[in-house]
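Chains as they are written, first to last, in the UniProt record's numbering: chain H, 1 to 265; chain X, 1 to 162; chain E, 1 to 462. Below is one structure, written out as structure tokens; comments come after it.
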Amino acid sequence: MVIQAVHVPESVDAVVTCSARGGLLMGGGTVVMPLVNSGSAAVTELVSLRRAGMDGIEVSDGVATIGAAATLAAVGEHPGLAFLRPALRTIASPTIRNQATVGGNLFVPQPYGDLAVCLLALEATCELAGPAGRREAPVADVLTTGIAPGEVVVAVRFALPEPGTWHYHKAMRRRLNSAAIVTVASVTSAGDYRIALGGLAPRPVRAVSAERLLRGRPLTPESLTEAGEAARADIDPFDDAYASAWYRARVLPVHLRRAFLPESP
Amino acid sequence: MPSQIVSLDVNGERREFIAAPGATLLACLRESLGLTAAKRGCAQGACGTCTVLVDGRPEAACLVAVETVAGSAIRTLEGVATGGDLDEVQSAFIDCFATQCGFCTPGMIMVAEALLDRDPDPSEADVIEAISGNVCRCTGYRPIVIAILEAARRRRERAVTR
Amino acid sequence: MTYRLAPIDTGAFAAERDGGDLTVIGSVVRRSDARGHVTGRTEFFEDVAPPRLAHLKMHRSARHHARIRDVDATEALAVPGVLRVLTHADVPNNLYTVLKLIGVQPDDEPVLAVDKVRYLGEPICAVVAETEAAALEGAARVKVAYDDLPPVFDVEEALREGAPLVNEYQGQNHFVYEGHHCRRIRFGDVREAFARADHVFEWRYQSAPIEQAPVETTGCVVVPQADGRLRIHSDTQACFFTLDNTALILGTPFNKLRIVGGTVGGGFGGKVDVVVEPIACVAAMAVDRPVKFVYDRAEEMQVSSPRAAERIYIKDAVMGDGRITGRQVTLYVDAGAYARHTPYGTTKAAAHLPGPYSIPNVWADCHCVFTNRTPSSAMRGFGVTIADFALESQMDRIARALGMDPLQLRLLNAYRDGDLKAHRKVAKGTALVEVIQKAAELAGHELPETYRRMSSTSREGL
């Protein structure tokens with residue numbers, strides 16, 4: 001449809017007001033503007049988060065709170081979030097990372113949305129604002145059921161992983177700027193594994209079967225391959241221009257192994 | 001909501017124009033301000049030829065609804081040369097045969113400007129990453145990477161001799 | 001990081017160099033247009049912004065193959081800013097084929113679909129509006145009622161008895177070459193060669209369509225002039241080819257059109273067809289305003305004509321020492337729904353067979369086939385590139401099957417000056433032997449003395 005208005009509210013409350021009136025939320029525009037440009041946006045009003053004061057990043061006492069309108073570049077440059085930098089560098093290009101936002105990444109369809117995969121592994125919490133007030137929700141819920149009409153994700157919050165417990169690996173068609181064939185993000189703690197997968201279902205998913213299988217076991221090529229095979233029960237892969245569903249499922253164990261043992265072949 | 005008057009600082013000059021709702025920064029630069037260096041290649045952020053600097057950072061101008069950057073400082077390829085004097089990136093692109101059809105060149109140069117502003121001595125890998133959002137179908141990229149490294153060298157050299 | 005410049009070999013063909021100063025290859029040459037490119041001052045067609053510019057967007061077929069029962073533009077015309085909705089009835093000579101300029105017939109493609117669509121994305125209605133957004137909205141609101149027809153997507157299926165007829169203007173699912181069902185080569189007797197061969201190898205090769213994907217999409221801006229002429233700013237790769245075809249479609253003398261072009265943001269063959277200019281001219285005349293028609297990225301990928309898909313069967317008669325004595329090729333080129341440049345591309349494929357080798361017995365059938373896929377056309381060496389992929393793959397496989405060095409197999413069969421080729425032309429100026437020798441040297445691939453002494457100008461070592 002032809003766009004009739006672009007709102008640029010300057011507070012979270014004003015965002016909620018515009019959103020509740022039916023405007024489509026837009027972070028950096030990397031997903032919404034292509035629809036506008038091709039005349040295929042299903043709305044007539046856009047609500048930009050660019051000036052809503054939602055782009056702050058705070059890291060203290062082992063907890064990170066990232067405003068939903070923070071760009072991927074800002075996250076990647078924050079000294080307190082260095083562990084995420086390699087993951088962010090696998091997402092799009094530096095130019096697009098100057099525009100794409102953390103909040104927007106939660107709502108892009110797979111095989112995009114690698115930061116959402118990270119947030120799922122980190123068991124992040126989303127801070128939401130809506131016409132009915134503020135609430136919090138696990139990122140897993142936001143990824144699976146979305147948010148209510150008029151609601152907006154204001155920030156995401158998660159505990160920083162202990163040093164050495166964070167694992168990330170993304171298989172792509174090219175070394176840079178390519179969507180996921182398979183993305184693996186994981187936090188390990190005391191023999192317990194939280195493993196999130198991207199590129200393998202319409203939304204990021206937890207590899208619960210792999211987590212169960214690995215619990216209390218050492219990470220060896222054999223145990224990881226077994227876990228990767230088990231994780232096929234947790235996925236719903238799709239065909240696209242990057243890879244076939246068959247291929248994605250086929251190589252999942254390889255990339256799960258590489259996420260933990262990058263040196264293994 | 002009717003069209004709005006939008007004000008931008010473009011290449012150091014304050015410019016005002018009327019923008020229809022949803023107009024992109026790219027469309028406004030090209031159609032309202034006559035700055036046609038930035039190109040429309042895909043209108044979806046995938047090709048990079050519309051890249052301009054917004055407050056010093058490269059952004060795909062086709063993805064920016066212009067109302068959202070009102071008041072920002074925009075730098076385009078038209079603002080790179082001083083008078084008739086090309087800067088180091090521009091001259092290195094010529095000398096290293098980094099242009100063929102020329103359609104990706106505006107975006108490539110703006111990305112290179114932003115990179116060299118931030119890092120005067122980038123590695124080859126840094127350059128390749130910086131231009132990873134810019135598609136070139138003619139050169140195979142190698143002359144462009146060489147040109148940007150050469151531009152960095154020339155700029156460092158000039159900084160020393162000053 | 002520096003250029004890896006191949007050394008200039010001044011030793012080869014020294015006599016032909018005539019003492020000249022041939023040093024351009026291997027050096028960096030400054031382009032005359034580079035300054036415009038690096039300052040952003042090079043003018044591409046879309047940088048032209050005449051006042052009162054109107055925008056054209058196309059309503060395209062949502063089916064691969066269907067009869068059009070009804071076209072309803074009522075809702076499109078109701079969109080604020082929509083000026084006109086053009087159909088086939090608005091185009092003076094709606095039926096055309098681009099190669100009619102060199103005598104290719106029949107006219108087989110409508111500018112805008114008439115009663116049938118033959119590929120997904122075929123243009124049906126052109127919506128002209130004040131803004132691009134209004135044109136897009138108008139195009140989305142055109143309603144077309146279809147009666148589906150069975151589509152055919154495979155070249156061999158399309159040639160089978162009972163296959164759906166794709167293009168009624170052609171009359172059958174293949175292009176007719178001077179009364180023949182395909183472009184043919186008959187040289188020597190391949191059956192005899194197969195009967196006498198030590199080995200017969202037959203393999204199949206195929207390729208998908210390949211999109212040129214220029215960064216600048218196909219488009220034009222047409223500006224009506226005070227004197228009644230039309231000025232066309234276009235990114236076509238072929239200015240006068242476009243001008244002539246457009247004039248034929250408009251039914252105007254050639255001198256009523258002026259084309260401003262030559263600056264192309266990447267072409268690679270994809271901007272040789274004449275697809276945007278004629279309808280943009282019709283629109284500009286209809287609304288008496290400048291009109292821009294430019295593909296969006298999705299259109300560029302879906303409907304601009306790609307390199308044709310091909311399927312190639314090669315059957316070779318080979319002696320124990322590696323000499324190829326017979327080569328039989330059956331080649332299918334997927335033209336898509338319309339001819340465009342593919343009858344010519346198929347001829348080029350035939351002209352390229354059996355590759356740069358002297359083979360005494362050659363038989364080839366090269367079919368230009370119509371299917372319900374996007375019409376294919378030119379792209380960098382079309383007709384030749386995929387044939388080369390197949391031929392050279394075949395050479396490698398033969399070498400592997402015989403346990404031979406693949407370069408030695410090629411040197412043994414490479415054509416020499418004076419050889420009679422399958423097309424009854426005598427080969428001259430051949431240099432394959434020297435190129436292979438040099439490539440082997442640069443790659444550190446050892447060749448035995450007899451192979452190093454071979455030459456394009458003698459039969460030494462054969």
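Each residue gets a CB set at the ideal place from its N, CA and C atoms; glycine is no exception.
query                                                                                                                                                                                               : result
Where do the N-terminal and C-terminal ends of the beta strand (DSSP E) with residue 104(X) fall, by residue?                                                                                       : Note, residue 104(X): premise wrong, no beta strand (DSSP E); not H, not E.
Which bits of chain E does residue 38(H) rub up against, with CB to CB less than 8 angstroms?                                                                                                       : 136, 296 and 298
What are the residues of the region 263-281 of chain E that lie near chain X, defined by any Cβ-Cβ distance shorter than 9 angstroms?                                                               : 263, 264, 265, 266, 267 and 268
May I ask which residues mark the beginning and end of the beta strand (DSSP E) holding residue 361(E)?                                                                                             : 361-370
Where do the ends of the alpha helix (DSSP H) carrying residue 188(H) lie?                                                                                                                          : From DSSP, residue 188(H) is part of no alpha helix (DSSP H) but of the beta strand (DSSP E) over 180-189.
Under 8 angstroms by Cβ, that's how I've got residue 44(E) and residue 39(X) pegged, so tell me the actual separation to the nearest angstrom.                                                      : 7 angstroms
Can you give me the C-alpha to C-alpha distance between residue 222(H) and residue 117(X), rounded to a whole angstrom?                                                                             : 48 angstroms
Kindly list the residues whose CB is nearer than 8 angstroms to the CB of residue 230(E), restricted to its own chain and excluding five residues on each side of it in sequence; keep chain order. : 222, 223, 224, 256, 257, 258, 281, 284 and 285
Any contact of the region 27-46 of chain X with the region 74-88 of chain X, i.e. 3+ C-beta pairs under 8 angstroms?                                                                                : yes
Got a sec? Which residues, its chain only, sit under 8 angstroms from residue 71(X) by beta carbon, not counting five neighbours each side?                                                         : 7, 8 and 9
Please state whether DSSP places residue 313(E) in a helix, a strand or coil.                                                                                                                       : strand
So is residue 269(H) buried or exposed if we call it buried at 16+ other beta carbons inside 10 Å?                                                                                                  : This structure does not reach residue 269(H), given that chain H is present from 1 up to 265, and the question cannot be answered.
Would you identify the three-state DSSP class for residue 234(E), choosing helix, strand or coil?                                                                                                   : strand
Short of 7 angstroms in beta carbon distance, which residues of its chain neighbour residue 369(E), apart from the five on each side in sequence? Order them along the chain.                       : 155, 158, 159, 173, 174, 332, 333, 334 and 335
Kindly list, in the order they appear in chain X, the residues whose Cβ is closer than 9 angstroms to that of residue 30(E).                                                                        : 94, 95 and 97
Need the endpoints of the beta strand (DSSP E) that residue 46(H) sits in, please.                                                                                                                  : 45-48
DSSP beta-bridge partners for residue 259(E)?                                                                                                                                                       : 232(E)
Determine, using beta-carbon pairs with one atom in the region 87-102 of chain E and one in the region 33-49 of chain E, whether at least three such pairs fall under 8 angstroms.                  : no
Does residue 117(X) come out as helix, strand or coil in the three-state DSSP assignment?                                                                                                           : helix
Of all the beta strand (DSSP E) runs that stay within the bounds of the region 34-67 of chain X, which reach a length of 3 or more residues?                                                        : 51-54 and 57-60
Return the chain-ordered ranges of every alpha helix (DSSP H) run that is complete within the region 119-163 of chain E and spans a minimum of 4 residues.                                          : 132-141 and 155-158
Going along chain E, which residues have a C-beta under 8 angstroms from residue 90(X)?                                                                                                             : 38 and 39
What in chain H is Cβ-close to residue 76(E), meaning under 8 angstroms?                                                                                                                            : By Cβ distance, chain H contributes nothing, its closest Cβ being about 12 angstroms from residue 76(E), past 8 angstroms.
Are the C-beta atoms of residue 3(H) and some chain C residue less than 8 angstroms apart?                                                                                                          : Among the chains of the structure shown, chain C does not appear; the protein chains present are H, X and E.
Which same chain residues end up closer than 6 angstroms to residue 211(H) when comparing Cβ atoms and leaving out the 5 residues on each side of it in sequence?                                   : 193 and 195
Could you check which residue in 147(X), 97(X) and 131(X) has the C-alpha nearest to that of residue 32(E)?                                                                                         : 97(X)
Does DSSP put residue 106(H) in a helix, a strand or coil?                                                                                                                                          : coil
Using a Cβ cut-off of 8 angstroms (strictly closer), state whether residue 80(X) contacts chain H.                                                                                                  : no
Does the distance from the C-beta atom of residue 78(E) to that of residue 85(E) stay below 8 angstroms?                                                                                            : no
Pick from 385(E), 52(E) and 417(E): whose alpha carbon is nearest that of residue 128(E)?                                                                                                           : 52(E)
Which of the three DSSP states is assigned to residue 456(E) in this structure?                                                                                                                     : coil
Check distances from the C-beta atoms of the region 91-121 of chain H to those of chain X and list, in chain order, the residues that come in under 8 angstroms.                                    : 92, 93, 94, 95, 96, 98 and 99
Which residue wins for smallest C-alpha separation from residue 210(E), given the options 410(E), 287(E), 397(E) and 374(E)?                                                                        : 374(E)
If you draw a straight line from the C-alpha of residue 55(X) to the C-alpha of residue 49(E), how long is it?                                                                                      : 28 angstroms
What does the alpha-carbon distance come out to for the pair residue 314(E) and residue 393(E)?                                                                                                     : 10 angstroms
What in chain X is Cβ-close to residue 6(H), meaning under 8 angstroms?                                                                                                                             : 1, 21, 22, 65, 67 and 68
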